[in-house]
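Chemist: Take a look at this one; I'll ask things after.
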Amino acid sequence: MDQVEVFKALSNKTRLQILNWLKHPELSFPEQAVHGYDIGVCVGQIQQKAGLTQSTVSEYLSVLQRAGLVKSTRKGQWTYYMRNEETFAALSQLIHSQI
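According to UniProt numbering, the sequence shown is numbered sequentially starting from 1.
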């Protein structure tokens, strides 16, 4: 885990909001229930909820993915995102033990 990249990724209000939504996707994206949550939430659902352009949301998700905070799965033409809970556990341990 690159600590600097993680903290840079967390320094944006919308990226933090996306991570919060993905923490409990069933509450934040009830329309995704038809497809399930096992592979994540479709980028289109995230974009619609954020109310931002597709390119902006894609860039935000790319930043989060490079930092290891989210994982993506491609299924057909769609990309699905979910939180990478292993990174959050490591971040929690880092903050608890070193910061």
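All C-beta atoms in this analysis are idealised placements derived from N, C-alpha and C, irrespective of residue type, glycine included.
Taking the continuous alpha helix (DSSP H) assigned at Ser-28, which residues delimit it?
Modeler: First-last of the alpha helix (DSSP H) with Ser-28: 25-28.
Chemist: Thinking C-beta only, is Tyr-81 closer than 8 Å to Asn-12?
Modeler: For Asn-12 and Tyr-81, no; Cβs fall outside 8 Å.
Chemist: Grab me the residues of Ile-54's own chain with a C-beta within less than 7 Å of its C-beta, minus the 5 sequence neighbours each way, in chain order.
Modeler: Residue identity check: residue 54 is Gln in the sequence provided, not Ile. Closer than 7 Å at the Cβ level, and outside the excluded window around Gln-54, lie Gln-47.
Chemist: Specify the secondary structure class of Ser-55 as computed by DSSP and reduced to three states.
Modeler: In this structure, Ser-55 counts as helix in the three-state DSSP scheme.
Chemist: Report back the beta-carbon spacing between Arg-66 and Glu-5 to the nearest angstrom; my notes put them in contact at under 8 Å.
Modeler: Correct: roughly 6 Å between the Cβ atoms.
Chemist: By the DSSP assignment, the alpha helix (DSSP H) with Val-70 in it spans what residues?
Modeler: Per DSSP, Val-70 belongs to no alpha helix (DSSP H); it is in the beta strand (DSSP E), 70-75.
Chemist: Cβ of Gln-48 versus every heavy atom of the ligand MN: is any distance shorter than 7 Å?
Modeler: This structure lacks the ligand MN; in fact it carries no ligand of any kind.
Chemist: Within the same chain, show all residues whose beta-carbon is closer than 6 Å to that of Ser-28, passing over the 5 residues directly before and after it, in chain order.
Modeler: Here the set comprises Trp-21.
Chemist: Label Val-34 either buried or exposed according to how many other C-beta atoms from any shown protein chain fall within 10 Å of its C-beta, with 16 as the threshold for buried.
Modeler: Answer is exposed; the Cβ neighbour count stays below 16.
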